[in-house]
Every structure is written in C-alpha cells, then in structure tokens.
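Quick note: the sequence shown uses the numbering used here, first residue 34, plus one each step. Here is the structure we will look at, set down as structure tokens.
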Amino acid sequence: MGMLLKVASGPKKVFNKAKKDLKEKGVRVYSMHNRIAIPKDGLKEDHFKDLGFKSTYMAIPEPGQARQKSWRHPDRYHIHDHGKKWVMHQDRHNPLNTGLKDKWEHWKDEGLPSYKHYRKWVKDGKGGILNLMEKADTSGRSKIKKGRKALAKG
C-alpha cells in the first residue's frame, strides 16, 4: 500500500518522518501539491498545537476530507482530516501570520486553482483522493506520472 507512513514513536518523530517522506515519497494525485497519508494512531489532533500547528476553517477542502477543519504549520505544512488518516502537503505560500499581500498570493496561486479543481473533481464524481494516493507508485520519479494517470482514469 503506497503512501501509508509507518508509525514512528512519539508525535515529533512522526511529524519529522512525515516531512521527510513528503519530500521523498509524496504523490501528486489531485492538485499542485505532493501529499502523504499519516495514520492517526501515531499522530493525534491533540499533538498538533505542540508541533506548532494552528487549526483553521479557512482552507479549500480536499475530495474525501472528513471535515472542514484543517491545520497549518508555520513551515507551510497543511494537514487535512481524511477519516482514519491525515493527509499532509506543503503549501507554496504561508497564509499564517502573514501580511495581506502574502495571503493574496496564497489565495491567487494556490487557493483559487485548488477550489476550481475541487469543484470539477466533485462534479465529475471522482471520490476521495486518499484511495488514489494509496494505489500510487511511490518508487522514483514515476510516482507523479502514475498519480496523474490514476487521476485521469478517475
């Protein structure tokens, strides 16, 4: 099963492994961001604050997301709740504690395109992204091409 992060001991170790795996093994099956799935038994919602995350309701939802609330980290990491797993990606711009210009750049470059993509995805009835992530090949650079092929097949 691709993209299922093995559980490390302790929330900080899990988060550090998630960051490393996102960079090395993340898959792009939905939008411009590589993503990684993290089991909830290794990283709990209660850990997010201690790891530097802030909760937000101001985010474009991902297909299959369990609820609107998500969590943003000052280093641009963004976690969405997908039921039994978290899905993490890294934004290009940091919408946390930034000026109006940075918030606009985030919305213009990431938010609006993601929203348009989300609406089309849902309209086309493609379901949640977690299933595609778990089926994607994570070896080498082929992961992006195979993720895109999976996305095209729906």
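Glycine included, every Cβ here is placed at the ideal spot set by N, Cα and C.
Check                                                                                                                                                                   : Outcome
Could you tell me the boundaries of the beta strand (DSSP E) in which residue 107 lies?                                                                                 : Careful: residue 107 lies outside any beta strand (DSSP E) and carries neither H nor E.
Relative to the C-alpha of residue 103, which residue among 117, 78, 83 and 84 is closest?                                                                              : 78
Assign residue 35 to one of three DSSP states: helix, strand, or coil.                                                                                                  : Here residue 35 scores only 44 on pLDDT, less than 50, and its place in the model should not be relied on; the value that follows carries that caveat. Three-state result, residue 35: coil.
To the nearest angstrom, report how far apart residue 149 and residue 97 are at their CA atoms.                                                                         : 16 Å
Tell me the residue span of the alpha helix (DSSP H) that contains residue 47.                                                                                          : 44-58
Under DSSP, the beta strand (DSSP E) around residue 96 begins and ends at which residues?                                                                               : Note, residue 96: premise wrong, no beta strand (DSSP E); not H, not E.
Tell me, please, which residues DSSP counts as bridged to residue 123.                                                                                                  : 110
Name the DSSP beta bridge partners of residue 162, please?                                                                                                              : Paired residues: none, contrary to the question.
What does the alpha-carbon distance come out to for the pair residue 40 and residue 153?                                                                                : Per-residue confidence for residue 40 stands at a pLDDT of 44, beneath the threshold of 50, marking its modelled position as unreliable; the derived number appears in the next sentence. Approximately 34 Å, taken between the alpha carbons.
Comparing alpha-carbon positions, which option in 48, 86, 66 and 106 lies nearest residue 75?                                                                           : 48
So, for residue 163: in the same chain, excluding its five sequence neighbours on each side, which residues have a beta-carbon less than 7 Å away from its beta-carbon? : 70, 97, 115, 118 and 120
I'd like to confirm the pairing. Which residues does DSSP put opposite residue 61 in its beta bridges?                                                                  : BP columns for residue 61 are empty, so no partner.
With H, G and I counted as helix, E and B as strand and the rest as coil, what does DSSP make of residue 149?                                                           : helix
Spatial neighbours of residue 73 within its chain, please: C-beta separation below 8 Å, excluding the five flanking residues on both sides.                             : 117, 118 and 119
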